[in-house]
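The structure appears right after this line, and notes come after that.
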Amino acid sequence: IHSLFLFLSLSMFVIVINYSSFPLFRPYDIFLSAFIKSDRPKKYKNLSIKYVRGLDPIIKLYDAENRVEDVLDIHKWDTDSVDEFLSTHLSKD
1 IHSLFLFLSL SMFVIVINYS SFPLFRPYDI FLSAFIKSDR PKKYKNLSIK
51 YVRGLDPIIK LYDAENRVED VLDIHKWDTD SVDEFLSTHL SKD
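Residues 1 to 93 in the UniProt record's numbering are what the sequence shown lists, from first letter to last.
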């Protein structure tokens, strides 16, 4: 089981993607994997990707003191939805 985490400095956003269903990917696995593998994450300042064991797809929003402020279920989000959310909430380079 592997998941992807996206980390940002100060306000931290975490995207978790579950690969436990391999080889039977669910549609969101394909969409979110496409986002991670594309050039889109490079648009966002201080964004890094780490593989870890996982959960279903979520975004965790952290404050400046690294406390969780909100958790969003993104299992129905496609690549454009993830990009739009990050564009709205994160600064770009």
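We put the beta carbon where it would ideally sit given N, CA and C, even for glycine.
**OP:** Classify E69 as helix, strand or coil using the three-state DSSP reduction.
**Re:** In the structure shown, E69 sits in a strand (DSSP, three-state: E or B).
**OP:** Please name the residue in R40, W77, L32 and I36 whose C-alpha comes closest to that of S87.
**Re:** Ranking R40, W77, L32 and I36 by Cα distance to S87 puts R40 first.
Original post:
Leaving out five residues before and five after V71 in sequence, what residues of the same chain have Cβ atoms less than 8 Å from its Cβ?
Top reply: Beyond the five residues adjoining it in sequence on each side, V71 comes within less than 8 Å, by CB distance, of I58, I59, K60 and L61 in the same chain, given in chain order.
**OP:** For I59, name the three-state secondary structure that DSSP assigns.
**Re:** Note: I59 maps to strand in three-state DSSP.
Original post:
Roughly how far, in whole angstroms, is the beta-carbon of F31 from the beta-carbon of D73, given that I think they are within contact range, below 8 Å?
Top reply: Wrong, their Cβ atoms sit about 14 Å apart, outside the cutoff.
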